[in-house]
Structure formats: C-alpha cells, structure tokens
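Residue 134 in our numbering sits at position 133 of the sequence shown, and the numbers go up by one each step.
C-beta: ideal position from N, C-alpha, C; glycine also.
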Amino acid sequence: MQVLLGKKYSTRPKTYDFAFRGPIRCGECGALITAEHKVKRQKNGVVRQYVYYHCTKKKDKNCSQKSMEEKVLGRQIEKVLASIEIPKEFHKWAMDVLREQNEVESQDRTRILENQRQEYDSIVRKIDNLIDLRANGEITEDEFSRRKVSLTSGKDRIELLITDTKSRVDEWLKIAENYFDFAEQARESFGKATLEGKKNILSSLGSNLTIKDRELSVLLPEPLELIKEASPTIREIHSRFEPQESIDKYKDLARRYSESPILLRGWDSNPQPLR
C-alpha cells in the first residue's frame, strides 16, 4: 500500500484498492468480507501500515469472526496455489494424453455427426413436403402452422446438437489447457502480480471462497481438485529424477506418469471454463 506523505491533513480522503475484497464471504454468517487500511504510529516515530480483512456483519451484527491481516490471507492463498502446482513436464504429458484420447474417440463422434445430419435432412424434407401440401390446399392453415412449429423445433434442436458435437471436443481441450496453464503458473504469477492480477487469480481459483476462524476455504473446480489430488503423486515421481535435466528425463517421467492409475483418471468431458 502507498504511504501517505506530505501534509498532515488532507481535504480529500485517500482511497485504496484491495486485492482480495469482493469474492470472499464470511464462513460464519455468509456476509461479504471487506477490507480496511490501518495506520499505526509507534512511540519511536515509526509509521506502520496494515490491511485487514473482516466480515461486514451485514447479515448478522453479532457475527463473532475476527479480522485477518492481508499478509496472512496472501500466504494462505499461496498455499492453495502450491497445492495444485504442476511441473511443465506433467502439463505436456497430460495434454498429449488428452489429445490421444480425442483421436481414439473421433470415429465415434463422426458416426454421431452422420446420424444427426441424416435426421436433420429428414426433417428438412418433411418441412418441404408440408409446404407443398399447404400450397395444394390439402391441409388447413391451422394444421400447417401446428405441424411446421413442431418440425421447426426439431430442426433447431438437431442444428444445436450438430454444432455442439463439432465444437465440444475442441472447446474441451482448450478449457483443459487453460486449467493446466493455471495450475503450472498461478503460484509463481501470484507472487509477482499487481493487485488486479492477484484479484484475477483469486477469482479463477474457485468458487465459494470463505474465511472462518482466520482460515481461508476454497471450493476448487473439479479439474483443479483432480490436479490437487494427483499433486502428491506427481511430486513423488519427480523427486526420483531431480536434478536430472535431459530429453531422457521427460521420457522417464512420461513412463512413470503412464504407470500411475491416479494420473490416468478420466477428465470431465464438459469442464467449466476458468472465470
């Protein structure tokens, strides 16, 4: 935080931006966590500045939660980020595995797309026939409208399915890449980030961020939760190879990764993107 210099009194109050104010709630009453800047002047003339986070108590004036210093909160966030941190070698291996799985499943997707296109073409033909029937006066306007609404609804549904089938895997791989990027880089980036950068990292870390008894609790997205569960295994594998640095190291690591049932768990085919 910036230090106040110059005049003892100011006609305009100093405003501060707080890195962690906004996404966190009180674990006791559910109210938002806010922040305050405090200045403490010691008897020896030294001026110390602090930032504290505390419950707004807007949901419960009797909430018992105490304030928490920003440095302490920052260390707890770093601890969570460290729990999901992965080395670059695992990042590369994991994406290679996902791409291989994608190739294996591509034939199934091709068959699904073909069936969807056939169903779509069938509905289009029915709509064309319906138009001909109405043009020839073989059905009433009311019947034409009723049947057309039903067919058009089915056509729109199939169009969405086709689009979803074609784009889902590419989008899935992109989301997976973003999660692995985040897991690999977030802890280091957090230490160097601006206030805005730290705020973005915290928002991306997970939902249901709460503080209770001066302890941060984070509900991680499922992909990051899986990475967290795998992290001890990854670290244990890497401990056998340090400080070796070579092409052979990656091959050895990839082999070890592939032998671990924990690291070969399936990835959710519809993960939610990082915020």
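For this session: Evaluate the contact criterion for the segment 88-101 versus the segment 250-258: three or more CB pairs, one atom per stretch, below 8 Å.
Result: The segment 88-101 is in contact with the segment 250-258.
For this session: Mind reading off the beta-carbon distance from Pro24 to Ser218? Whole number of angstroms is fine, and I expect it under 8 Å.
Result: Numbered from its first residue, the sequence shown carries residue 24 at position 23. Numbered from its first residue, the sequence shown carries residue 218 at position 217. In fact, because the Cβ distance is near 13 Å, the residues do not count as touching under 8 Å.
For this session: Please list, in chain order, all residues of the same chain as Lys1 whose beta carbon is under 6 Å from its beta carbon, the five residues on each side excluded.
Result: It is not possible to answer for residue 1, since the shown part of the chain is limited to 2 through 276.
Exercise. Are the CB atoms of Ala83 and Arg188 nearer to each other than 8 Å?
Worked result: If you number the sequence shown from 1, residue 83 lands on position 82. If you number the sequence shown from 1, residue 188 lands on position 187. For Ala83 and Arg188, yes; Cβs fall inside 8 Å.
Exercise. How about Pro222 and Gly207: are their beta carbons less than 8 Å apart?
Worked result: Translated into positions along the sequence shown, residue 222 becomes position 221. Translated into positions along the sequence shown, residue 207 becomes position 206. In contact: Pro222 and Gly207 (Cβ atoms closer than 8 Å).
Exercise. Quick one: is Ala184 buried, meaning 16 or more other Cβ sit within 10 Å of its Cβ, or exposed?
Worked result: Against the sequence shown, residue 184 aligns to sequence position 183. Its Cβ being crowded by 16 or more others within 10 Å, Ala184 is buried.
For this session: Kindly list the residues whose CB is nearer than 7 Å to the CB of Ala194, restricted to its own chain and excluding five residues on each side of it in sequence; keep chain order.
Result: Residue numbering aside, residue 194 sits at position 193 when the sequence shown is read from its first letter. Hits under 7 Å: Ile202.
Problem set entry | Member of Leu265, Lys213, Asp249 and Pro262 whose CA lies at the smallest distance from the CA of Arg26 | What you label residue 26 is simply residue 25 of the sequence shown in a count that begins at 1. When only C-alpha atoms are compared, the closest one is Lys213.
Exercise. Exposed or buried, what is Phe19 when buried is set at 16 or more other beta-carbons lying within 10 Å of its beta-carbon?
Worked result: As a first step, residue 19 is located in the sequence shown; it is residue number 18 there, counting from the start. With 16 or more Cβ atoms within 10 Å of its Cβ, Phe19 is classed as buried.
For this session: Following the continuous beta strand (DSSP E) through Ser208, name the residue where it begins and the one where it ends.
Result: Taking the first residue of the sequence shown as 1, we reach residue 208 at position 207. In the DSSP assignment, Ser208 falls within the beta strand (DSSP E) that extends over Ser208 to Lys213.
For this session: My understanding is that Arg110 touches Thr166, with C-beta atoms under 8 Å, so please give their C-beta distance in whole angstroms.
Result: For the purposes of this step, residue 110 is taken as residue 109 along the sequence shown, with counting starting at 1. For the purposes of this step, residue 166 is taken as residue 165 along the sequence shown, with counting starting at 1. 6 Å between Cβ atoms; contact.
Exercise. Under 8 Å between the Cβ atoms of Leu162 and Ile128?
Worked result: For the purposes of this step, residue 162 is taken as residue 161 along the sequence shown, with counting starting at 1. For the purposes of this step, residue 128 is taken as residue 127 along the sequence shown, with counting starting at 1. Cβ distance not < 8 Å, so Leu162 and Ile128 don't count as in contact.
Exercise. What is the DSSP secondary structure of Gln186, reduced to helix, strand or coil?
Worked result: Taking the first residue of the sequence shown as 1, we reach residue 186 at position 185. For Gln186, the three-state secondary structure derived from DSSP is helix.
For this session: Excluding the 5 residues preceding and the 5 following Lys41 in the sequence, name in chain order all residues of the same chain whose CB lies nearer than 8 Å to its CB.
Result: Position 40 of the sequence shown, counted from the start, is the residue given in the question as residue 41. Sequence-distant Cβ neighbours of Lys41 in its own chain, meaning closer than 8 Å and more than five residues away, are Val48, Arg49, Gln50 and Tyr51.
For this session: With DSSP as the reference, please indicate the residues paired to Cys64 in a beta bridge.
Result: To locate residue 64, count along the sequence shown from 1; it is residue 63. Bridge pairing for Cys64: absent [DSSP].
Problem set entry | Bridge partners - Ala36, DSSP secondary structure assignment | In the sequence shown, the residue the question calls residue 36 occupies position 35. Looking at the DSSP assignment, Ala36 forms a beta bridge with Tyr54.
Problem set entry | As assigned by DSSP and simplified to three states, the class of Val81 | On the sequence shown, position 80 is the one that residue 81 refers to. DSSP places Val81 in helix when its eight states are reduced to three.
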